[in-house]
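Chains A and B, in that order, are what the protein sequence lines are.
Just so you know, we're using UniProt numbering here: the first sequence kicks off at 1 and counts up by one.
Just so you know, we're using UniProt numbering here: the second sequence kicks off at 1 and counts up by one.
For reference, the structure is listed below as structure tokens.
There are 2 protein chains.
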Amino acid sequence: MSAWEKNIRKVVPYVPGEQPNIPGMIKLNTNENPYPPAPGVAMALQDIKTDRLKLYPDPTAKLLTDTLAAYYKVGKDQVFVGVGSDDVLGMAFLTFFNSDRPILFPDITYSFYDVWAELFSIPYERPKLDHNFRIRKEDYYKKNGGVVIANPNAPTSIYEELDVVRDIIEHNQDCVVIIDEAYVDFGGISAACLIKEYDNLLVVQTFSKSRSMAGMRIGYAFGSEKLIRALNDVKYSYNSYTMNQTSIHLGVEALKDRAYFEECTSMITKTRSRVMWELKELGFSFPDSKTNFIFATHEFIPAEELYTALREEKIFVRYFKKPRIDNYLRITVGTDKEMDALIKVLKEYIHKRK
Amino acid sequence: MSAWEKNIRKVVPYVPGEQPNIPGMIKLNTNENPYPPAPGVAMALQDIKTDRLKLYPDPTAKLLTDTLAAYYKVGKDQVFVGVGSDDVLGMAFLTFFNSDRPILFPDITYSFYDVWAELFSIPYERPKLDHNFRIRKEDYYKKNGGVVIANPNAPTSIYEELDVVRDIIEHNQDCVVIIDEAYVDFGGISAACLIKEYDNLLVVQTFSKSRSMAGMRIGYAFGSEKLIRALNDVKYSYNSYTMNQTSIHLGVEALKDRAYFEECTSMITKTRSRVMWELKELGFSFPDSKTNFIFATHEFIPAEELYTALREEKIFVRYFKKPRIDNYLRITVGTDKEMDALIKVLKEYIHKRK
Numbered sequence: 001m002s003a004w005e006k007n008i009r010k011v012v013p014y015v016p017g018e019q020p021n022i023p024g025m026i027k028l029n030t031n032e033n034p035y036p037p038a039p040g041v042a043m044a045l046q047d048i049k050t051d052r053l054k055l056y057p058d059p060t061a062k063l064l065t066d067t068l069a070a071y072y073k074v075g076k077d078q079v080f081v082g083v084g085s086d087d088v089l090g091m092a093f094l095t096f097f098n099s100d101r102p103i104l105f106p107d108i109t110y111s112f113y114d115v116w117a118e119l120f121s122i123p124y125e126r127p128k129l130d131h132n133f134r135i136r137k138e139d140y141y142k143k144n145g146g147v148v149i150a151n152p153n154a155p156t157s158i159y160e161e162l163d164v165v166r167d168i169i170e171h172n173q174d175c176v177v178i179i180d181e182a183y184v185d186f187g188g189i190s191a192a193c194l195i196k197e198y199d200n201l202l203v204v205q206t207f208s209k210s211r212s213m214a215g216m217r218i219g220y221a222f223g224s225e226k227l228i229r230a231l232n233d234v235k236y237s238y239n240s241y242t243m244n245q246t247s248i249h250l251g252v253e254a255l256k257d258r259a260y261f262e263e264c265t266s267m268i269t270k271t272r273s274r275v276m277w278e279l280k281e282l283g284f285s286f287p288d289s290k291t292n293f294i295f296a297t298h299e300f301i302p303a304e305e306l307y308t309a310l311r312e313e314k315i316f317v318r319y320f321k322k323p324r325i326d327n328y329l330r331i332t333v334g335t336d337k338e339m340d341a342l343i344k345v346l347k348e349y350i351h352k353r354k
Numbered sequence: 001m002s003a004w005e006k007n008i009r010k011v012v013p014y015v016p017g018e019q020p021n022i023p024g025m026i027k028l029n030t031n032e033n034p035y036p037p038a039p040g041v042a043m044a045l046q047d048i049k050t051d052r053l054k055l056y057p058d059p060t061a062k063l064l065t066d067t068l069a070a071y072y073k074v075g076k077d078q079v080f081v082g083v084g085s086d087d088v089l090g091m092a093f094l095t096f097f098n099s100d101r102p103i104l105f106p107d108i109t110y111s112f113y114d115v116w117a118e119l120f121s122i123p124y125e126r127p128k129l130d131h132n133f134r135i136r137k138e139d140y141y142k143k144n145g146g147v148v149i150a151n152p153n154a155p156t157s158i159y160e161e162l163d164v165v166r167d168i169i170e171h172n173q174d175c176v177v178i179i180d181e182a183y184v185d186f187g188g189i190s191a192a193c194l195i196k197e198y199d200n201l202l203v204v205q206t207f208s209k210s211r212s213m214a215g216m217r218i219g220y221a222f223g224s225e226k227l228i229r230a231l232n233d234v235k236y237s238y239n240s241y242t243m244n245q246t247s248i249h250l251g252v253e254a255l256k257d258r259a260y261f262e263e264c265t266s267m268i269t270k271t272r273s274r275v276m277w278e279l280k281e282l283g284f285s286f287p288d289s290k291t292n293f294i295f296a297t298h299e300f301i302p303a304e305e306l307y308t309a310l311r312e313e314k315i316f317v318r319y320f321k322k323p324r325i326d327n328y329l330r331i332t333v334g335t336d337k338e339m340d341a342l343i344k345v346l347k348e349y350i351h352k353r354k
């Protein structure tokens, strides 16, 4: 090993869900939205002036942050934007978690949290979810360097009521509390209403799921002016221009069409209810999902076997070979047609195995 | 101050050049290209399928990295891409500079280097450029944790020949050497040809200057497979999907049109020669520029005064209130018409002041 190699940062990178591109495949593995972005987005894309691309984008992405502020009824200085919520969360870890005390997040949750902690050498502890995959709020009462809660949680799909979130924040006034709400639009209530009360609360959301724009990389966060200023200071110390011009314009357009957004999320939640019923009939059980995915385990067929069987039929779902959840599949809620195909394959496979 | 505020990362953010948007202004302050991107870019933008935006982009941005590899005749595993060269450089600092020894870069250079070092708590030293703003290669012979050289350098515009670069790399086989070539297409020769010889060399370039695409945020780097793998591991530990779909597609299109690229850079270098001549006539002096900007000082009028006078005429140039360079203006080379307007205003102002 050369001398310079010894100074390379040691990391075990996050492994994102595979992005296969196979004709006829059904992709239910990365919680993307099956419906296209709002119609205005296509128009905005046509309207982008290529000539303008020679200029740097507005580093503050003011057009987008102002639109988000108006939409969510928060102050213009209470909004931060980044290249997907991963950028927002990573930046928040770097900005706020500089204590010697460990930060806390559940043992089963978004698997990027421990990757960021390792990357930035942040000590961390992972209190265990209970046997129903529920958060035990008392686990977050002890002294710590910060708290991160995904709500609804992933991959469990479980939503904790706002009073649980409030209780955790209430017990953590000496550190920054991050509530990661990537899936909140599918049935939860956002903690954004609490930022006025708690100046140490950061609420993170994304355009990747409920707004069908994973391909554009737009994430955002709400918090007190102090929190947002600190985040922006670190952001401007890393890369002043992260939001490119197309993301800013297309993001604004997506926010304008509230009716389309509500129609899409409601179609997904309806499909979800129907599919949960059918999965139950086939011998699956799962927590009540408030997300655009179902976290399901079968009464007698191992999850990994089902994952492989589905894959052979070009149906991709997510399987995590990890303690406590290695007998579960995380199945994205797609269109009704896609879910019919999934149910059909499962039905046949389970029938054969009986 | 609340307890949580004590754990906020302390930074002094980089201050990017202002992005005014005033009708009739002439913007020569952020080294943007005055010409639009290649015609194919506009077409590629029209061809982007909005429906596809619901899906995550390819985390490896394979379409773009493969096109870069073919264009620059390097291996597909020798290319890294990021959200502008700032993202590439910031990621490289985080990945490679983890030694206790200080990293080295000139006292006068791109002012983001010390910001990244501070952000990631990397010790650093800044050897002084000589009185002609030239790099003294011997300053980089001592033991260190890494070396960063902008070539051509900014804001000085000076290009060091490849044998100087090679000599610095040759003397630094125990650390990673980064050559930042944001401006190399305006008259320098890239060190990319050296990556085969030195597996610790990272060469960074950007679409923001010579390819007129600052608004799209595309940066890239060449290096040995080992270097690129380490960079990708850290990148995937921070944000798996940084290049959005539009950037990938438009970037590929820009690379396809080599003739347009050569025509644009040649128009800029021609304008540069002519303007240097006229500035000299007006009493300015400057190093020989191999970039798309001129770093000029006047024989009797202070730079700050000229900066303000130009601003009043809606002509924006860059002024750094920093030791050793506070009597210089960094003037981007715009179109011939823009430069005529600049020269006219300067001529009148200097005449009045005589």
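Yeah, the Cβ is synthetic: ideal placement off N, Cα and C, and Gly gets one too.
Fair warning: this is a prediction, and the values are worked out from it, not measured in the lab.
Best match in the options for proximity to residue i [C-alpha to C-alpha]
i                      : options                        : result
B/N244                 : B/T335, B/S289, B/L63          : B/L63
A/E351                 : A/T308, A/L227, A/K322, A/F300 : Inspection of the sequence shows that residue 351 of chain A is occupied by His rather than by Glu. Closest option to A/H351, Cα to Cα, is A/F300.
B/N116                 : B/P13, B/L53, B/A69, B/K337    : A quick correction: the sequence has Trp, not Asn, at residue 116 of chain B. When only C-alpha atoms are compared, the closest one is B/P13.
A/A38                  : A/M213, A/I331, A/I315         : A/M213
A/V164                 : A/D174, A/C175, A/A150         : A/A150
A/P102                 : A/F93, A/E125, A/G82           : A/E125
B/D107                 : B/L89, B/K128, B/P123          : B/K128
B/D51                  : A/F97, A/Y236, A/L45           : A/L45
B/A192                 : B/D174, B/C175, B/S208, B/I169 : B/I169
B/P23                  : B/I343, B/I315, B/N327         : B/I315
A/R272                 : A/N153, A/E161, A/L346, A/F186 : A/F186
residue 357 of chain B : B/A182, B/N327, B/K270         : The structure shown has nothing for residue 357 of chain B, since chain B only spans 1 to 354.
A/R166                 : A/Y183, A/Y236, A/L194         : A/L194
B/L236                 : A/V15, A/L28, A/T65            : The amino acid at residue 236 of chain B is misidentified as Leu; the sequence shows Tyr. For the residues A/V15, A/L28, A/T65, the minimum Cα distance to B/Y236 belongs to A/V15.
B/P59                  : A/G75, A/P323, A/M216, A/R229  : A/M216
Interface residues of chain B facing residue i [CB-CB closer than 7 Å]
i      : result
A/S247 : N244
A/R9   : L94, T95, N98, V234
A/T332 : Chain B residues near A/T332: none, gap ~11 Å exceeds 7 Å.
Per-residue contacts from residue i into chain A (C-beta, under 8 Å)
i      : result
B/D47  : Near B/D47 there are no residues of chain A at all, since even the closest Cβ is about 10 Å away, more than 8 Å.
B/N33  : K54
B/S266 : The contacting residues do not exist; B/S266 stays about 17 Å from chain A at best.
Residue j beta carbon less than 8 Å from that of residue i
i                      : j      : result
A/A303                 : A/L329 : yes
A/V234                 : A/A221 : no
A/F112                 : A/D139 : no
A/P34                  : A/E278 : no
B/T265                 : B/S190 : no
B/V275                 : B/V317 : no
B/S157                 : B/F320 : no
B/Y110                 : B/K290 : no
A/E253                 : A/G40  : yes
A/L306                 : A/H298 : yes
B/N153                 : B/C175 : no
residue 420 of chain B : B/Q78  : No answer is possible for residue 420 of chain B: the residues shown for chain B start at 1 and end at 354.
Span separating the alpha-carbon of residue i from that of residue j
i      : j      : result
A/K256 : A/L250 : 10 Å
B/I218 : B/D180 : 14 Å
A/P57  : A/T242 : 8 Å
B/P287 : A/V147 : 53 Å
B/N292 : B/I268 : 7 Å
B/Y238 : A/V177 : 20 Å
B/Q19  : A/N21  : 40 Å
B/H131 : B/F105 : 16 Å
A/N172 : A/Y141 : 7 Å
A/T67  : A/T246 : 15 Å
B/N29  : B/L342 : 12 Å
A/A259 : B/D114 : 47 Å
Within chain B, the residues that residue i reaches when beta carbons sit closer than 9 Å
i     : result
A/R52 : P36, G215
A/S2  : Q173, D174, D199, N200, K226
Proximity test, Cβ basis, 8 Å: residue i and chain E
i      : result
A/L119 : Of the protein chains in the structure, A and B, none is chain E.
Contact set between residue i and chain A, taken where Cβ atoms lie within less than 9 Å
i     : result
B/P16 : Y56, P59, Y236, S240, Y241
B/T65 : By Cβ distance, chain A contributes nothing, its closest Cβ being about 15 Å from B/T65, past 9 Å.
Closer than 8 Å at the beta carbon, the chain B residues around residue i
i      : result
A/V204 : Those within 8 Å of A/V204 in chain B number zero; the least Cβ separation is about 13 Å.
Query raised in the report: Can you list, in chain order, the stretches of the alpha helix (DSSP H) that have 4 or more residues and sit fully within the segment 233-264 of chain A?
Result: Listed in chain order, the complete alpha helix (DSSP H) runs (minimum 4 residues) inside the segment 233-264 of chain A are 245-256.
Query raised in the report: Can you give, in chain order, each stretch of the alpha helix (DSSP H) that sits fully within the segment 81-160 of chain B and has at least 4 residues?
Result: Within the segment 81-160 of chain B, the complete alpha helix (DSSP H) runs of at least 4 residues are 84-96, 113-119.
Requested in this report: Go through the segment 42-73 of chain B residue by residue and report every complete run of the alpha helix (DSSP H) that reaches 4 residues or more, in order.
Outcome: Residue ranges of uninterrupted alpha helix (DSSP H) with 4 or more members, entirely inside the segment 42-73 of chain B and ordered along the chain, are 62-72.
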